[in-house]
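Read through the structure below, which is laid out as structure tokens, and then see the notes.
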Amino acid sequence: MEAKSPKESLIVNTDQVMINDLNNYNTLFGGVLMKKLDNNATLSARRHARVKECVTASTDSIDFLHPIHQTDSVCVESFVSYTGNRSMEIFCKVIAEDMITGERRMAATAFLTFVALDEDKKPVQVPDVVPETEEEKFLYESGEERAKTRRIRRKHSKELTEIIGLEKPWEKEGEYVGTNASQS
């Protein structure tokens, strides 16, 4: 399987901010941006692996650096920054541009991890990535450390799921939960 350059998986998507995308502070809802990131990253993963289906394994981090306003455009760039055997780390950057002044700022950065699937929904091996630019090399060289952190976090999550319960909070034996008197 031939290694690929990050630019081969580059997806760039620019959108305007609509009024229904705003929160009560008149800035873009974080969840709206998260959906844009996931959509972009999915396309980068599929382009890199050249498969019909890729699934999000984790959203490793999203750092909201500057608010995005209704007067801004939102440009999401994503590409494969690091690969494991069957997983792909996708780096996303979000550039907000004030459409009136032309001022551009880095609004957010994110790392998501995807797994490529075959026709039977089984994980498949993905091509390695060969960084070329200074940005790509920095991301690639720090990728193994992020992969280790993901493995530790995944192990912790599995341990946590063995401890936490599935019962509904209001049905816990012998406990009163809630503030509404009608629940007692």
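In terms of the UniProt record's numbering, the sequence shown opens at residue 1 and continues consecutively.
Where a beta carbon is used, it is the ideal one built from N, C-alpha and C, also for glycine.
{"Item": "Applying the 10 Å Cβ sphere with the 16-neighbour rule, what's the burial state of Ser142?", "Value": "exposed"}
{"Item": "Please classify Lys172: does DSSP put it in a helix, a strand, or coil?", "Value": "coil"}
{"Item": "Among the residues of its own chain, which have a CB less than 8 Å from the CB of Val124, if the five just before and after it don't count?", "Value": "Ala49, Val51, Arg86, Ala116, Leu117, Asp118"}
{"Item": "Can you say whether Glu136 is buried or exposed, counting buried as having 16 or more other CB atoms within 10 angstroms of its CB?", "Value": "buried"}
{"Item": "State buried or exposed for Leu37, treating a residue as buried only when at least 16 other CB atoms are found within 10 Å of its CB.", "Value": "buried"}
{"Item": "Looking only at its own chain, which residues have a Cβ that is under 6 Å from the Cβ of Pro67, when we skip the five neighbours before and after it?", "Value": "Thr27"}
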